[in-house]
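> Line order of the protein sequences matches chains A and B.
Quick note: the first sequence uses our numbering, first residue 4, plus one each step.
Quick note: the second sequence uses our numbering, first residue 4, plus one each step.
Number of protein chains: 2
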Amino acid sequence: MTDINDPLSEPLDAKRRAGAAAQSKTLRRSDAELLAYAELLFFAYRDFTRDPDAILRDFGFGRAHHRVLHFVTRHSGLRVADLLDVLKITKQSLGRVLKQLIDKGYIVQRAGSADRRERLLYPTASGRALLKRLAAPQLIRLAEALKAAGPGADIVVRRFLRAMINAEERPKVSSIMSSSTAPDSDGNAEVS
Amino acid sequence: MTDINDPLSEPLDAKRRAGAAAQSKTLRRSDAELLAYAELLFFAYRDFTRDPDAILRDFGFGRAHHRVLHFVTRHSGLRVADLLDVLKITKQSLGRVLKQLIDKGYIVQRAGSADRRERLLYPTASGRALLKRLAAPQLIRLAEALKAAGPGADIVVRRFLRAMINAEERPKVSSIMSSSTAPDSDGNAEVS
DNA sequence: GAATTAAGTCAACATGACTGACATAAATAA
DNA sequence: TTATTTATGTCAGTCATGTTGACTTAATTC
Numbered sequence: 004m005t006d007i008n009d010p011l012s013e014p015l016d017a018k019r020r021a022g023a024a025a026q027s028k029t030l031r032r033s034d035a036e037l038l039a040y041a042e043l044l045f046f047a048y049r050d051f052t053r054d055p056d057a058i059l060r061d062f063g064f065g066r067a068h069h070r071v072l073h074f075v076t077r078h079s080g081l082r083v084a085d086l087l088d089v090l091k092i093t094k095q096s097l098g099r100v101l102k103q104l105i106d107k108g109y110i111v112q113r114a115g116s117a118d119r120r121e122r123l124l125y126p127t128a129s130g131r132a133l134l135k136r137l138a139a140p141q142l143i144r145l146a147e148a149l150k151a152a153g154p155g156a157d158i159v160v161r162r163f164l165r166a167m168i169n170a171e172e173r174p175k176v177s178s179i180m181s182s183s184t185a186p187d188s189d190g191n192a193e194v195s
Numbered sequence: 004m005t006d007i008n009d010p011l012s013e014p015l016d017a018k019r020r021a022g023a024a025a026q027s028k029t030l031r032r033s034d035a036e037l038l039a040y041a042e043l044l045f046f047a048y049r050d051f052t053r054d055p056d057a058i059l060r061d062f063g064f065g066r067a068h069h070r071v072l073h074f075v076t077r078h079s080g081l082r083v084a085d086l087l088d089v090l091k092i093t094k095q096s097l098g099r100v101l102k103q104l105i106d107k108g109y110i111v112q113r114a115g116s117a118d119r120r121e122r123l124l125y126p127t128a129s130g131r132a133l134l135k136r137l138a139a140p141q142l143i144r145l146a147e148a149l150k151a152a153g154p155g156a157d158i159v160v161r162r163f164l165r166a167m168i169n170a171e172e173r174p175k176v177s178s179i180m181s182s183s184t185a186p187d188s189d190g191n192a193e194v195s
């Protein structure tokens, strides 16, 4: 498996060449080898989402609802704007999904105390219960995968996944992840 | 961050309890800790797909086209049925995307030599060129993430991602991954 | 010769993205 | 105080990509 560098057949590869140059100081991994990780990531993500997707169908929800419910539950009290920034979708797109979750009583909104324009989002008791059910198979999968990956996998995997995130997004990700709500600790988040 | 075990407030958690039992022999990871990996995986995948998605737009294609082109190029000569099994989508869903890729000259089909009902799929030269462009930012990202994850990350990450795949799918994944086409080696895959 | 299999197609529909325009209420600036 | 900006919500239309169900064609297998 030789290191292939064909300068032809590609008119617009400035980015790629820049990347190759950035890499060349250290261990040079072949494209074929790296593509294997891309495939594994695809398969892993494909199966990671399948269990909750099946459950969601019974509720008339989709994956988008799971994502919203997840971030609202785990980082309860976050603003709509925060959610948009995390999900990287448009307000209109979020709107529909969020509305359904609110209408069916899985999420509630409260006006911000400092800025009353803000709508802070909180899960209801049934919202937390639903999320728990959705997350359950994923938690099992993650625990088993970390175990299978061997000792020290937790740190390595965390570093790997973090580094896969756009550099400029990492501070925001760290910020939101540090403000995570303890599961079931604040039992009175569901206000009428 | 204490280990939270609340036996109440969840009527349908048989699966979760089973998972907890399966885990309990070894290191018990808290749900909160594990959920952090779920979030990282979401963020990683979100950003992993953003670069190629932007390029695809210029071609009037979507992520589905990238996936098809990827598997056809990297595992050229695979059957339509193989592709369906890999992608886990319906024939009709694949049909539309595949037809567009064929019509625009990125993929060609040849009847199988043993079984002439089979349509074996191959990339054209422009198909390979397009895939290269789509994969370029992902390869850079993967190489940098593996480097950032530290020594030994390649093996650990591979084991982790593999274990994230449904157990019954792993043999198939291994099988298809072992039959990967070397990039640019068989220059005459594009037959008229 | 009949049944099965691989692939393709037609039609209808759902989900979740998108753009663009506009409305409302609250905060902030002039 | 008035004007502007900001946070949110909403209407309308479009697109990509998934789904079900029914049916056809060609080739293989029983």
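Ideal placement from N, C-alpha and C gives every residue a C-beta, glycine not left out.
Fair warning: this is a prediction, and the values are worked out from it, not measured in the lab.
Identify whether PRO154/A lies in helix, strand or coil by the three-state DSSP scheme.
PRO154/A falls in the coil class under three-state DSSP.
> Does the distance from the CB of PHE163/A to the CB of ALA152/B come in under 7 Å?
Contact flag set, yes.
> Take every Cβ of the segment 63 to 77 of chain B, pair it with every Cβ of the segment 124 to 139 of chain B, and state whether three or more of those distances are shorter than 8 Å.
Yes, since at least three Cβ pairs between the segment 63 to 77 of chain B and the segment 124 to 139 of chain B fall closer than 8 Å, the two stretches touch.
> Could you give the distance in angstroms between the alpha-carbon of ALA35/B and the alpha-carbon of LEU86/A?
One C-alpha to the other measures close to 19 Å.
> Give me the residue from ARG136/B, ARG161/B, ASP88/B with the minimum Cα distance to GLU172/B.
Closest option to GLU172/B, Cα to Cα, is ASP88/B.
> In chain A, which residues lie less than 7 Å from ILE168/B when you measure between Cβ atoms?
Chain A residues near ILE168/B: PHE46, ALA47, ASP50.
> Which term fits SER178/B, buried or exposed, when burial requires 16 or more other beta carbons within 10 angstroms of its beta carbon?
The residue is exposed, with fewer than 16 neighbouring Cβ atoms inside 10 Å.
> Go ahead and pull the three-state DSSP assignment for ALA148/A.
Residue state, collapsed to three classes: helix.
> Going by other Cβ atoms of all chains shown within 10 Å of its Cβ, with 16 needed for buried, is GLN95/A buried or exposed?
By the neighbour-count rule (16 or more Cβ atoms within 10 Å), GLN95/A is not buried but exposed.
> Just reading off the alpha helix (DSSP H) that ARG113/A is part of, what are its end residues?
That residue, ARG113/A, is in no alpha helix (DSSP H); its beta strand (DSSP E) goes 110 to 114.
> Helix, strand or coil for ARG32/A per DSSP?
Here ARG32/A sits in coil by DSSP.
> CA-CA distance, MET167/A and TYR48/B?
MET167/A and TYR48/B: Cα-Cα distance of roughly 8 Å.
> Name the one or two DSSP bridge partners that PRO126/A has.
Beta-bridge pairing links PRO126/A to ILE110/A.
> I'd like the span of the alpha helix (DSSP H) that includes LYS175/B, first residue to last.
From DSSP, the alpha helix (DSSP H) with LYS175/B extends over 173 to 181.
> Name the chain B residues whose beta carbon is nearer than 7 Å to that of GLY153/A?
Going along chain B in sequence order, the residues near GLY153/A (Cβ under 7 Å) are VAL159, ARG162.
> Sorted by chain position, which residues of the same chain lie with C-beta nearer than 6 Å to SER181/B's C-beta, five sequence neighbours on each side aside?
So the list is empty, once near-sequence residues are dropped.
> According to the neighbour-count rule (16 or more other Cβ atoms, all chains shown, within 10 Å of its Cβ), is ILE158/A buried or exposed?
So ILE158/A ends up on the exposed side.
> Tell me, please, whether the CB atom of ARG32/A is closer than 7 Å to any CB atom in chain B?
Yes - at least one Cβ of chain B is within 7 Å of the one on ARG32/A.
> Among the residues of its own chain, which have a CB less than 8 Å from the CB of GLN112/B, if the five just before and after it don't count?
Same-chain partners within the cutoff: ILE105, ARG122, LEU123, LEU124, TYR125.
> By Cβ distance below 6 Å, which residues in the same chain neighbour ILE92/B in space, the five residues on each side in sequence not counted?
For ILE92/B, where only same-chain residues beyond five positions count, there are no Cβ hits under 6 Å.
> Between which two residues does the alpha helix (DSSP H) harbouring ILE168/B extend?
Counting along the chain, ILE168/B falls outside any alpha helix (DSSP H), and DSSP gives it neither H nor E.
> Determine the direct distance from the alpha carbon of ILE110/B to that of ALA132/A, and round the result to whole angstroms.
Spanning the two alpha carbons is a distance of roughly 47 Å.
> Say whether chain A places a C-beta atom closer than 7 Å to the C-beta of VAL100/B.
Answer no: the Cβ-Cβ gap between VAL100/B and chain A never drops below 7 Å.
> Can you confirm whether ALA156/A, when its beta carbon is compared against all beta carbons of chain B, has any partner nearer than 7 Å?
Taking Cβ atoms only, chain B reaches closer than 7 Å to ALA156/A, which makes this a yes.
> Quick check on ARG82/B: does DSSP put it in helix, strand or coil?
It is a strand residue.
> Would you identify the three-state DSSP class for LYS135/A, choosing helix, strand or coil?
In the structure shown, LYS135/A sits in a helix (DSSP, three-state: H, G or I).
> Using Cβ-Cβ distances below 9 Å, what residues of the segment 78 to 110 of chain B are close to chain A?
Going along the segment 78 to 110 of chain B in chain order, one finds VAL89, LEU90, LYS91 with a Cβ nearer than 9 Å to chain A.
> I'd like to know if ALA125/B contacts chain A, where contact means its C-beta is closer than 7 Å to some C-beta of that chain.
It should be noted that the sequence gives Tyr, not Ala, for residue 125/B. Not closer than 7 Å to any Cβ of chain A, the Cβ of TYR125/B fails to qualify, so no.
> Given that a residue counts as buried once 16 or more other Cβ atoms are within 10 Å of its Cβ, and exposed if not, what is ALA156/B?
ALA156/B comes out buried.
> By Cβ distance below 6 Å, which residues in the same chain neighbour ARG32/B in space, the five residues on each side in sequence not counted?
Nothing listed; no residue qualifies.
> Nearest to GLY98/A by alpha carbon, out of HIS68/A, ILE58/A, SER79/A, SER116/A?
Minimum Cα distance to GLY98/A is reached at HIS68/A.
> In its own chain, which residues sit with a C-beta less than 7 Å from the C-beta of ARG60/B, not counting the 5 before and 5 after it?
Excluding positions up to five away in sequence, the list is empty.
> Looking at ALA148/A and LEU37/B, is the spacing between their C-beta atoms short of 7 Å?
No.
> Buried or exposed: which applies to LYS135/A, given that a residue is buried once 16 or more other Cβ atoms fall within 10 Å of its Cβ?
Under this definition LYS135/A is a buried residue.
> Spatial neighbours of VAL100/A within its chain, please: C-beta separation below 7 Å, excluding the five flanking residues on both sides.
Same-chain partners within the cutoff: ALA67, HIS68, VAL71.
> With PRO140/B and ASP54/B assumed to form a contact (beta carbons below 8 Å), what rounded beta-carbon distance in angstroms separates them?
That belief holds up - the Cβ atoms of PRO140/B and ASP54/B are roughly 4 Å apart, short of 8 Å.
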